[in-house]
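There are 2 protein chains.
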Amino acid sequence: LVGMEEKQSHNTERQHKAEGLLQELRLLRDKVNELEDEKSQYERKLKATKAEISNLQHLLLTKKTEIEHLQAQLLSRAPVSMDSA
Amino acid sequence: LVGMEEKQSHNTERQHKAEGLLQELRLLRDKVNELEDEKSQYERKLKATKAEISNLQHLLLTKKTEIEHLQAQLLSRAPVSMDSA
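Encoded structure:
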């Protein structure tokens with residue numbers, strides 16, 4: 647009887663270990679799914695911010711061109727210098 | 647004897663299942679670590695690109711101010727109009 651109880655106890659312990667492993671597997675699979683979702687969100691965000699950088703750089707370039715244009719206009723309208731007076 | 651062989655075969659099968667589970671656990675833990683590394687890389691990249699956007703926006707603001715300044719200068723140096731001639 648004692649031998650049978652020991653065997654029963656051994657089986658129960660093994661059962662608990664297996665359940666523990668399966669539980670850990672479920673948790674890890676959930677974690678992997680969660681992290682993969684986060685990863686694709688980051689990819690989208692990063693793509694969006696890179697597009698924003700590209701837009702800003704383009705806008706900056708147009709502003710630089712505008713500044714050059716205005717400076718050229720200013721030079722052409724500069725008050726007559728003392729030398730030519 | 648057949649009973650013992652069956653039991654042995656049953657144990658071997660159970661052993662294989664347990665090894666399979668442990669193997670899957672190891673793979674999932676590696677995957678979780680790998681994904682968490684990627685996540686922190688994305689966080690760094692995203693932080694860097696946001697800082698770049700902030701810099702570009704600041705630069706754009708200085709260019710706009712410069713343009714306004716140049717336009718004001720141009721107005722003040724506008725050729726004398728026909729009315730006042």
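Protein chains in written order, with our numbering: chain A, 647 to 731; chain B, 647 to 731. Here a beta-carbon is modelled for each residue, glycine too, at the ideal position from N, C-alpha and C. These figures come from a predicted structure and were not determined experimentally.
- Pairing B:Leu681 with A:Val678 gives a Cβ-Cβ distance under 9 Å.
- B:Leu702 sits close to A:Leu702, with the two beta carbons spaced by under 9 Å.
- Of all residues in the segment 662-674 of chain A, only Ala664, Leu667, Leu668, Glu670, Leu671, Leu674 place a beta-carbon less than 8 Å from a beta-carbon of chain B.
- In this structure B:Leu716 is not in contact with A:Ile699, their Cβ atoms being roughly 26 Å apart against a cut-off of 8 Å.
- Boundaries for A:Arg723: no alpha helix (DSSP H) harbours it, and the DSSP string shows neither H nor E there.
- Going by beta carbons, B:Leu667 and A:Leu667 fall inside the 9 Å limit.
- At least one CB atom of chain B sits nearer than 9 Å to the CB of A:Glu684.
- In this structure, the CA atom of B:Glu659 is about 24 Å from the CA atom of B:Arg675.
- Identification of chain A residues near B:Arg690 by a Cβ-Cβ cut-off of 9 Å yields none; the smallest Cβ-Cβ distance measures about 11 Å.
- The contact set of B:Val648 on chain A, defined by CB atoms closer than 7 Å, is empty, because the minimum CB distance reaches about 21 Å.
- At a cut-off of 9 Å between C-beta atoms, A:Thr658 does not count as an interface residue with respect to chain B.
- Scanning chain B for C-beta atoms nearer than 7 Å to the C-beta of A:Thr695 yields Leu692, Thr695, Lys696, Ile699, reported in chain order.
- Using a CB distance cut-off of 9 Å, B:Lys677 counts as an interface residue toward chain A.
- With respect to the 9 Å criterion, B:Ala664 and A:Ala694 are not classified as neighbours on the basis of their beta carbons.
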